[in-house]
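Here the protein sequences line up with chains A and B, keeping their order. Positions in the first sequence are counted from 1; adding 22 to them yields this note's numbering. Positions in the second sequence are counted from 1; adding 22 to them yields this note's numbering. Each residue gets a CB set at the ideal place from its N, CA and C atoms; glycine is no exception. The structure appears right after this line, and notes come after that.
There are 2 protein chains.
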Amino acid sequence: MPGTPVGPDFPPRIEQGVLSPDGDEWRDVGYSGPSVCSVVGISYRQLDYWARTDLLRPSLTDAAGSGTQRRYSYRDLVALKVIKSLLDGGVSLQTARKAIDYLRDHLGEDLASASLVIEGANTVLAHTGDDIVDLVRRGQGVLNIVPLGGLVESLEASIHDLYAEPLGPKDGAAHPVRRPQD
Amino acid sequence: MPGTPVGPDFPPRIEQGVLSPDGDEWRDVGYSGPSVCSVVGISYRQLDYWARTDLLRPSLTDAAGSGTQRRYSYRDLVALKVIKSLLDGGVSLQTARKAIDYLRDHLGEDLASASLVIEGANTVLAHTGDDIVDLVRRGQGVLNIVPLGGLVESLEASIHDLYAEPLGPKDGAAHPVRRPQD
DNA sequence: CCCCGTAACTACGACCTTGTGACTCTGCGG
DNA sequence: CCGCAGAGTCACAAGGTCGTAGTTACGGGG
């Protein structure tokens, strides 16, 4: 697996409370709903739906009524991307829900080199190829495998694009990117 | 679809050959809808829905109006079981549809030792563990893996149970014939 | 030989899950 | 005080599942 160590600090990993480079408000931290959509490649309605059905809500700031904002952390982005992959791979939302519940508790681990493996009700992180062969051999039901390496990689790329494309006078991450894409 | 209530070539050519031991009617061949349900472990409504939406129709005799019967072959059973597994594994029906389309063309191969691998739009039969590791390494999206060995095995077991637990005194229609061996 | 019960199939519609579109509502910055 | 981005609401659609009622064929009892 490509353990490509990405830029250590480029995507601001703000969950610890880093502020915006401009020393602006705490609000400039994390990712807004629309930004998230363009980064992970889903529609706003989908993100909205997922948030209000508890699949994944923003861990930085949840919405508190009309006029407020949701702020997503980097880890949220990873989780979201995993969900998106699962969906694209033909896995049902229900299954994705369970997988994400598991993932949330293991987001600290070294994701880039691992694969997420779902077998029925159980979810596991496989760190080596042998782990996987083992699982396939033992498994009786279907296995759903998400190679996290490539996933994180393309996530980083999308984030990069987010910063590069729009030109806001002062804010980066907080800046909403209106970009029609399906 | 095809009228053919009782045509010239109606005495169906069974893939495993062999009519009922009693030299009975052609009807005693293959598996009836309800039998299939109990063997594969799905609801009758599901089987019905799948048949009318073309996911998988009985290859021996399709329905030709109310009062007629569907007769499923052993291979149909295998395909059905694969679908069931996919569903249990959280894979969407849509994805299962594509996989089955592929499987239908490869049902002749040696299934018991292989695994069905779905990656996005592509479906493949992997015969060795290395094949799988390879696919995981290359794959960017989600992989869905169905180990066919265990599947065929449990199918055989269910069929056995079906024979062991006779229901009516002479329910010919519900009685499948000839336990297959391929 | 006909009538009736039952197995198995078809028809039809309710209902759930996932979203989507079209608006409306509201807090915040200018 | 106004405009706007983004949250909230509501109606609706597609894809499936499920329950139930209506049909049809077949076989046994009168």
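| query | result |
| --- | --- |
| Assigned exposure category for B/Leu87 - 16 Cβ within 10 Å defines buried | According to the sequence provided, residue 87 of chain B is Gly. The question's Leu does not apply to it. Counting Cβ neighbours within 10 Å, B/Gly87 comes out exposed, since fewer than 16 surround it. |
| Chain-ordered residues of the region 109–123 of chain A with a beta carbon less than 7 Å from chain B | Asp110, Gly111, Gly112, Val113, Ser114, Gln116 and Thr117 |
| Contact set between the region 92–107 of chain A and chain B, restricted to residues whose Cβ is under 7 Å from the partner | Ser107 |
| Bounding residues of the beta strand (DSSP E) (the contiguous stretch that carries B/Pro169) | Leu165 to Pro169 |
| Burial state of A/Glu141 (16 or more Cβ within 10 Å) | buried |
| Unbroken stretches of the alpha helix (DSSP H), 4 residues or longer, contained in the region 80–113 of chain A | 96–110 |
| 9 Å Cβ cut-off: residues of chain A touching B/Ile64 | Those do not exist, as B/Ile64 stays about 15 Å from chain A at its closest Cβ, beyond 9 Å. |
| Test item: CB-CB of B/Leu173 and B/Leu165 under 8 Å | no |
| Test: B/Gln208 CB closer than 8 Å to a CB of chain A | Past the boundaries of the shown model lies residue 208 of chain B; chain B is included only from 23 to 204, so the question cannot be answered. |
| Residue-level contact to chain B via CB, A/Asn144, 8 Å cutoff | no |
| With 16 other Cβ atoms within 10 Å as the buried cut-off, status of A/Glu131 | exposed |
| Buried/exposed call for B/Thr83, threshold 16 Cβ in 10 Å | buried |
| Neighbour flag for A/Ile181 against chain B, beta carbons, 8 Å | no |
| B/Val100 versus B/Leu125: straight-line alpha-carbon distance, rounded | 10 Å |
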